[in-house]
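J.: Sharing a structure with you now.
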Amino acid sequence: MSVKEQIAEGDKVVTRWSATGTHRVEAMGVPPTGKHVSITGIVIYRCAGGRIVDEVEELDLLGVMQQLGAIPAAARPAGATA
Numbered sequence: 001m002s003v004k005e006q007i008a009e010g011d012k013v014v015t016r017w018s019a020t021g022t023h024r025v026e027a028m029g030v031p032p033t034g035k036h037v038s039i040t041g042i043v044i045y046r047c048a049g050g051r052i053v054d055e056v057e058e059l060d061l062l063g064v065m066q067q068l069g070a071i072p073a074a075a076r077p078a079g080a081t082a
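Under our numbering, the first residue of the sequence shown carries the number 1, and numbering increases by one thereafter.
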């Protein structure tokens, strides 16, 4: 896991991160595939009294499920480039 960017302002800290790993145990109902996967996310913490008191997190779980083959990736329109 690595922190790509972190911003603090007022009582909030925002962290954009990425992680990679190998799918070796059942996850979200998908049996182990042995596939290498990567995921990105953003978490926003609200702090008070030196402690985290609230957290909101967004993860690219659709991307992970597509990498595992559990959900097909969307087809690209003809002529589209990556």
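All residues carry an ideal CB built from backbone N, CA and C; glycine is no exception.
Please read these numbers as outputs of a predicted model, since none were measured by experiment.
Does the beta-carbon of Val64 have 16 or more other beta-carbons within 10 angstroms, so that it is buried, or is it exposed?
T.: As a working mapping, residue 64 is identified with position 64 in the sequence shown. Buried: at least 16 other Cβ atoms inside 10 Å.
J.: Am I right that Glu5 and Arg16 are in contact with their C-beta atoms under 8 Å? What's the rounded C-beta distance?
T.: Counting from one through the sequence shown, the residue named residue 5 turns up at place 5. Counting from one through the sequence shown, the residue named residue 16 turns up at place 16. Contact flag correct, Cβ pair sits at about 4 Å.
J.: Residue ranges of each alpha helix (DSSP H) run of no fewer than 4 residues wholly in the region 5-75, ordered along the chain?
T.: Scanning the region 5-75 for uninterrupted alpha helix (DSSP H) segments of 4 residues or longer gives 61-68, listed from N- to C-terminal end.
J.: To the nearest whole angstrom, what separates the beta carbons of Gly92 and Arg46, a pair I think is in contact under 8 Å?
T.: Since the first residue of the chain shown is 1 and the last is 82, residue 92 is not available in this structure.
J.: How many angstroms separate the CA atom of Val37 from the CA atom of Ala73?
T.: Indexing the sequence shown from 1 puts residue 37 at position 37. Indexing the sequence shown from 1 puts residue 73 at position 73. One Cα belongs to Val37, the other to Ala73, and the distance between them is close to 14 Å.
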